[in-house]
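So the structure is just underneath, and the comments pick up after that.
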Amino acid sequence: VQLQASGGGLVQAGGSLRLSCVAPGRIFRVSPVAWYRQAPGKQRELVAEINVGGGSADYADFARGRFTISRDNDRYTVYLQMDSLQPEDTAVYYCCEKFAGETYWGQGTQVTVSS
């Protein structure tokens, strides 16, 4: 399983970014997928998770109302639209698939928000 995340970069506070994660493979269409993030010196934390069909999503408190997770099962891709970004959102963002009790991680994409 290889997940490829992209879309990170440097943005000013208040700006937006859209992350993408392609996960070609048989399990994508039957797996919940999620975005996590890890800031320097901090533990990895859940940002948002979406169910198999894409009709239900859960968000961390800091993400609710600013971030939107979505998925396109035909393209084996999960997205994270991030709006109103703040410096505290600076982190490496990781996508993952959750299948049969295992979590499969992508390589991460750096998001840096300047003040």
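Going by the numbering used here, the sequence shown opens with residue 709, and the numbers climb by one from there.
Don't be surprised by glycine CBs; every beta carbon is placed ideally from N, CA and C.
It should be emphasised that the depicted structure is a prediction, and the values quoted were computed from it without experimental measurement.
With respect to the C-alpha of Met790, the residue from Lys806, Phe807, Phe770 and Ala808 having the closest C-alpha is Phe770.
A direct Cα-to-Cα measurement between Leu727 and Ala713 gives close to 7 Å. Counting only runs of at least 3 residues, the region 727-758 fully encloses the following beta strand (DSSP E) elements, listed from N- to C-terminal order: 741-746 and 753-758. Non-local beta-carbon contacts of Thr785 in its own chain, meaning distances under 8 Å to residues more than five positions away in sequence, involve Ser728, Cys729, Val730, Ala731 and Arg779 in chain order. The beta carbon of Asn759 lies closer than 8 Å to those of Pro740 and Ala765 in the same chain, with the five residues before and after it left out. Approximately 6 Å separates the beta-carbon atoms of Ile777 and Trp743; this is inside 8 Å, confirming the contact. Gln751 is positioned such that its CB atom lies no closer than 8 Å to that of Ala799.
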